[in-house]
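**Student:**
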Amino acid sequence: MDSISPLLRRGLGVASSFYEKVYEVTRLIPAGKVTSYGAIAAFLGTAQSSRMVGWAMNNAHVQDTYVPAHRVVNRNGLLTGKHHFGSPAIMQELLEAEGIQVTDDQIIDFEKHFWNPMIELAME
DNA sequence: CGATTGACGTACG
DNA sequence: TCGTACGCCAATC
Numbered sequence: 050m051d052s053i054s055p056l057l058r059r060g061l062g063v064a065s066s067f068y069e070k071v072y073e074v075t076r077l078i079p080a081g082k083v084t085s086y087g088a089i090a091a092f093l094g095t096a097q098s099s100r101m102v103g104w105a106m107n108n109a110h111v112q113d114t115y116v117p118a119h120r121v122v123n124r125n126g127l128l129t130g131k132h133h134f135g136s137p138a139i140m141q142e143l144l145e146a147e148g149i150q151v152t153d154d155q156i157i158d159f160e161k162h163f164w165n166p167m168i169e170l171a172m173e
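Numbering-wise (the working numbering), the first sequence opens with residue 50 and increments by one.
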C-alpha cells in the first residue's frame, strides 16, 4: 500500500521500498516533534527491524530530499545517532532550535514531544 | 550466495 | 537498578 507515498517519487530509485518508507515517515515528522526508530519500524510493519530504520538513516544524508533524521531517536529519547551528523552537536542544536530541550543527549519530556506515526498517520 | 553489519529493543544476570 | 547478551530483519561487502 502506498498510503504514505504522496510526496515521494524523487530520486529514491536507488533506495528500496523499505528505505523509501523510512524516509517518508521521517520527513513527515513535524518540527518540534520526535519519534523512535522502533515506532517507525512498527509503523512499517516490521517492529523487529528497528535497527533497519537507523541503518536507512545512513543513506538519509545522501538523499536529495532533506530527511530530518535528528527527529528520530531511540526509545529512551536518547540522541544515539548524533555522531552520524556532521558534528555530534548538530543533532542537539537542531532539536533545541525546534523547541526541544536536550540535556546530556537526553530529550527532556521525551514522551511529550513524541510523535507516533501510527496515530498521526492514521494507520490501520 | 554466505558472512557481517547496524543511528534498536528486549531479556537476562 | 545497572550492565551485558542475544535476537530481529534487511542491506552491504
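Cβ coordinates follow ideal geometry from the N, Cα and C atoms, glycine included. Quantities reported herein were computed from a predicted structural model and do not represent experimental measurements.
Who pairs with residue 156 in a beta bridge, going by DSSP?
**Tutor:** Residue 156 sits at position 107 when you count from the first residue of the first sequence. According to DSSP, residue 156 bridges with 151.
**Student:** Tell me whether the beta-carbon of residue 166 lies closer than 8 Å to the beta-carbon of residue 88.
**Tutor:** Here residue 166 refers to the residue found at position 117 when the first sequence is read from its first residue. Here residue 88 refers to the residue found at position 39 when the first sequence is read from its first residue. Closer than 8 Å, so yes.
**Student:** Return yes when the Cβ of residue 77 is within less than 8 Å of the Cβ of residue 143, no when it is not.
**Tutor:** Translated into positions along the first sequence, residue 143 becomes position 94. Translated into positions along the first sequence, residue 77 becomes position 28. No, the pair does not count as a contact, with Cβ atoms beyond the cut-off.
**Student:** Any idea if residue 85 is buried or exposed, counting beta-carbon neighbours within 10 angstroms, 16 or more meaning buried?
**Tutor:** Here residue 85 is taken as the residue at index 36 of the first sequence, counted from 1. Buried, by the Cβ-count rule.
**Student:** Under a three-way DSSP split, which group does residue 75 fall into?
**Tutor:** Working through the first sequence from its first residue, we reach residue 75 at position 26. In this structure, residue 75 counts as helix in the three-state DSSP scheme.
**Student:** Roughly how many angstroms separate the alpha carbons of residue 68 and residue 105, rounded to a whole number?
**Tutor:** Taking the first residue of the first sequence as 1, we reach residue 68 at position 19. Taking the first residue of the first sequence as 1, we reach residue 105 at position 56. Approximately 6 Å between the Cα atoms of the pair.
**Student:** Can you grab the Cα-Cα spacing for the pair residue 111 / residue 118, in whole Å?
**Tutor:** In the first sequence, counting from the first residue as 1, residue 111 sits at position 62. In the first sequence, counting from the first residue as 1, residue 118 sits at position 69. Residue 111 and residue 118: Cα-Cα distance of roughly 12 Å.
**Student:** Do you know how far the Cα of residue 66 is from the Cα of residue 83?
**Tutor:** What you label residue 83 is simply residue 34 of the first sequence in a count that begins at 1. What you label residue 66 is simply residue 17 of the first sequence in a count that begins at 1. Each residue's alpha carbon lies about 23 Å from the other.
**Student:** Using the rule of at least 16 other Cβ atoms within 10 Å of the residue's Cβ for burial, across every protein chain shown, is residue 58 buried or exposed?
**Tutor:** Numbered from 1 along the first sequence, position 9 holds the residue referred to as residue 58. Low per-residue confidence applies at residue 58: pLDDT is 37, beneath 50, and the placement is therefore not dependable, though the value from the model is reported in the following sentence. Around the beta carbon of residue 58, a 10 Å sphere encloses fewer than 16 other beta carbons of the protein chains shown; the residue is thus reported as exposed.
**Student:** Beta-carbon within less than 7 Å of residue 168's beta-carbon, same chain only, minus the 5 sequence neighbours each way: which residues are those?
**Tutor:** Residue 168 sits at position 119 when you count from the first residue of the first sequence. Excluding residues within five positions, none has a Cβ falling inside 7 Å.
**Student:** What's the C-alpha gap between residue 61 and residue 70?
**Tutor:** Counting from 1 along the first sequence, the entry for residue 61 is found at position 12. Counting from 1 along the first sequence, the entry for residue 70 is found at position 21. With a pLDDT of 35 at residue 61, under the threshold of 50, the modelled position of that residue is not reliable, and no figure is offered here.
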